[in-house]
Amino acid sequence: MEFRKILALRGPNMWANFPVLEAWVDLGILKDSPSDEIPGFNDRLMSWLPTMIEHRCSIGERGGFFQRLRRGTYQAHILEHVTLELQELIGMPVGYGRAREMSEDGVYKVVVQYREEEVARACLHTARELCLAAVYDRPFNVAAEVA
């Protein structure tokens with residue numbers, strides 16, 4: 194999973210009437226690996242970020258994102274939610290995000306709302322590392338990252 198580019202859309206834009214980051218993400222070998230097909234992935238992610246139980250996602254209810262994880266969702270969608278949650282954990286709550294596939298197979302635009310651009314960029318990069326740690330069963334210390 195690599196970033197091709199990260200754009201800061203600072204004013205009203207095609208996604209929202211507030212600032213967002215738009216990351217072009219190449220999922221690489223993970224493009225065909227939904228969350229329900231990676232052994233232990235969901236358990237690791239949910240234990241590291243239990244507060245994501247509050248993410249309603251498209252299901253529209255508390256725990257909606259966790260339901261999507263269990264059913265299988267793609268890494269770009271997960272990256273979106275993890276980035277939003279990391280911003281929440283450091284005291285900059287935001288709620289808007291989208292992940293949309295581009296014309297090139299396995300490449301997505303991941304869009305996340307932000308309050309402080311540099312903080313959001315750092316959260317996006319940390320979210321990538323967290324997701325990869327969950328995929329490859331590596332340790333990850335969320336508390337240290339958000340301190």
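All the letters of the sequence shown, read from the start, carry residue numbers 194 to 340 under this note's numbering. For each residue, glycine too, the CB sits at the ideal point set by N, CA and C. Fair warning: this is a prediction, and the values are worked out from it, not measured in the lab.
Under the DSSP assignment, Gly257 falls in the alpha helix (DSSP H) whose first and last residues are Gly257 to Arg264. Counted as a single uninterrupted DSSP element, the alpha helix (DSSP H) harbouring Ile271 occupies residues Gln268 to Leu282. As the crow flies, the alpha-carbon of Val303 is around 7 Å from that of Arg293. DSSP places Gly290 in the strand class (E or B) of the three-state scheme. The beta carbon of Met194 sits closer than 8 Å to those of Val218, Asp219, Leu220, Gly221, Leu223, Gln268, Leu272, Arg321, Cys324 and Leu325, all from its chain and outside the five residues before and after it, given in chain order. Bounds of the beta strand (DSSP E) holding Asp219 are Val213 to Asp219. In this structure, the alpha-carbon of Ala327 lies about 8 Å from that of Gly233.
Apart from sequence neighbours up to five positions away, the residues of its chain that approach His274 with a beta-carbon distance below 8 Å are Met245, His248, Cys250, Phe258 and Gly290, ordered along the chain. Straight-line spacing of the CA atoms in Arg263 and Gly288 works out to 21 Å. Per DSSP, Phe333 is not a residue of any alpha helix (DSSP H), being assigned neither H nor E. Scanning its chain for C-beta atoms nearer than 6 Å, with the 5 sequence neighbours on each side dropped, one finds around Val335 the residues Trp241, in chain order. Leaving aside the five residues that flank Leu238 on each side, the residues in its chain whose CB is nearer than 6 Å to its CB run, in chain order, Ala327.
Rounded to whole angstroms, the separation of the alpha carbons of Glu297 and Val339 is 33 Å.
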